[in-house]
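Notes for the one structure printed next.
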Amino acid sequence: MESGMPLSGRQRALIRESWQRVSGSPVQHGLVLFGRLFDLDPDLLPLFQYNCKQFASPQECLSTPEFLDHIRKVMLVIDAAVSHLENLSCLEEYLCNLGKKHQAVGVKVESFSTVGESLLYMLEKCLGAAFSPDVREAWSKLYGAVVKAMQRGWETLPEGD
Ligand code: HEM
Numbered sequence: 001m002e003s004g005m006p007l008s009g010r011q012r013a014l015i016r017e018s019w020q021r022v023s024g025s026p027v028q029h030g031l032v033l034f035g036r037l038f039d040l041d042p043d044l045l046p047l048f049q050y051n052c053k054q055f056a057s058p059q060e061c062l063s064t065p066e067f068l069d070h071i072r073k074v075m076l077v078i079d080a081a082v083s084h085l086e087n088l089s090c091l092e093e094y095l096c097n098l099g100k101k102h103q104a105v106g107v108k109v110e111s112f113s114t115v116g117e118s119l120l121y122m123l124e125k126c127l128g129a130a131f132s133p134d135v136r137e138a139w140s141k142l143y144g145a146v147v148k149a150m151q152r153g154w155e156t157l158p159e160g161d
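The numbering of the sequence shown is the UniProt record's numbering, which starts it at 1 and goes up by one.
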């Protein structure tokens with residue numbers, strides 16, 4: 001699983017170092033990520049329905065136990081990617097299936113760019129001045145690789161991609 005050039009040793013170190021500061025409180029940081037996501041694209045809110053109930057507002061969604069579980073799941077996937085930086089290809093099949101599940105619940109593949117923007121926003125908020133352009137580039141590359149693998153789960157991918 002690769003998106004362009006593989007991550008360099010320095011990029012892997014920057015990712016591990018910065019993730020240490022986020023992964024200790026996954027829900028807190030996941031709330032920043034998804035809060036930003038709903039600001040950028042409020043149309044994603046109706047995709048989250050638990051027991052067929054629709055949320056009246058992002059705030060309601062962000063405080064529901066099932067949604068907090070989704071946040072934990074998202075952070076675990078990122079955690080798995082950070083733990084396998086040298087061997088991301090072992091996650092390929094899992095991520096492809098995860099893509100399929102998201103297609104099935106109505107997520108458009110394009111929405112994952114907005115998720116990427118929200119991830120970078122959350123990292124910036126958490127890391128402050130330590131979120132250097134190099135850290136940003138390393139994370140963009142990793143996220144790009146994860147999304148590329150998930151995209152394989154969408155049936156409508158153009159041939160050869
Ligand atoms: C556009 C953003 C996203 C939307 C609208 C979305 C929506 C959903 C929904 C509706 C479910 C099923 C209900 C649930 O488990 O809570 C789900 C499951 C899940 N999502 Fe997401 N999701 C998004 C982004 C992500 C991202 C970025 C990741 C990880 C990189 C992720 C990881 C997962 C996992 C691990 C599950 C559980 C799958 C399973 O049951 O095996 N999601 N998602």
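Note that beta-carbon positions come from the ideal geometry of N, C-alpha and C, so glycine has one too.
Considering only residues of the same chain and omitting the five flanking positions on each side of G116, which have a CB-CB separation below 8 Å?
S140, Y143, G144, V147
Could you spell out where the alpha helix (DSSP H) holding H70 opens and where it closes?
65-83
Would residue 173 and L127 be called neighbours here (beta carbons separated by less than 8 Å)?
Because residue 173 is not part of the residues shown, which for the chain are 1 to 161, the question remains open.
Measuring CB to CB, does G24 end up less than 8 Å from P58?
No, they are not a contact pair.
Buried or exposed: which applies to C52, given that a residue is buried once 16 or more other Cβ atoms fall within 10 Å of its Cβ?
exposed
For K100, which of helix, strand or coil comes out of DSSP?
Looking at K100 - three-state DSSP - the assignment turns out to be helix.
Measure the CB-CB distance between R152 and G106 and report whether it falls below 8 Å.
no
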